[in-house]
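If you count the sequence shown from 1, position 121 lands on 385 in this note's numbering, and the numbers rise without skipping. Beta carbons: idealized from backbone N, C-alpha and C, even for Gly. Notes for the one structure printed next.
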Amino acid sequence: MSTTSRSRGHRARAHTADVILEAWGPDRSACFEESVAALVETYVTEIPSQVPARRHLHLDPAEGADRLLLALLDAVIYALDVGPDIPIGADVQDADDEGLDVVLRLAPRRSVEGTGVVPKAISRHELDVVRNHEGTRCRFLVDV
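See the structure below:
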């Protein structure tokens, strides 16, 4: 699993029993969108072209970008666990209050071909968001 371009993308790294995902983008919002895309690829083999549903979320400002990323990824996993629709992507924008405004793109569970591996949680131990002159990079471990 890897999507790469010069300015944004994501990839998976081998880990003993779980998977480490890395994402990057020119800014925090793009990096977070790529992080969701990387997470989605752990449980979906093919993303449907039609997106019938959207769920709007506002994530309150947190103490640091890493906590915002964790809140976003937890929201994706929660929606995957309990909803009739499966998250297949996200549009992320910085909010005026320094939180995030998110639109989760959802597909009916029956229209999505899964990998059989459903993420259980994001480890706080391996979570990292770094911003520098090149953009923003995110790294996180997914418990599967």
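Beta-carbon spacing of residue i, residue j below 8 Å
| i | j | result |
| --- | --- | --- |
| residue 353 | residue 287 | no |
| residue 338 | residue 292 | no |
| residue 368 | residue 321 | yes |
| residue 377 | residue 306 | no |
| residue 272 | residue 294 | yes |
| residue 298 | residue 355 | no |
| residue 334 | residue 386 | yes |
| residue 323 | residue 363 | yes |
| residue 373 | residue 348 | yes |
Which of helix, strand or coil DSSP assigns to residue i
| i | result |
| --- | --- |
| residue 326 | coil |
| residue 346 | helix |
| residue 387 | strand |
| residue 331 | helix |
| residue 352 | strand |
| residue 340 | helix |
| residue 275 | strand |
Of the listed residues the options, nearest to residue i (C-alpha basis)
| i | options | result |
| --- | --- | --- |
| residue 214 | 273, 329 and 317 | Nothing can be reported for residue 214: it is not among the residues displayed for the chain, which extend from 265 to 408. |
| residue 311 | 351, 365 and 284 | 351 |
| residue 289 | 278, 403, 399 and 408 | 399 |
| residue 274 | 348, 280, 281 and 304 | 304 |
| residue 390 | 340, 407 and 383 | 407 |
| residue 326 | 344, 346 and 361 | 361 |
Within the segment 288-322, ranges of the alpha helix (DSSP H) (whole runs, at least 4 residues): Here the runs fully enclosed are 292-304.
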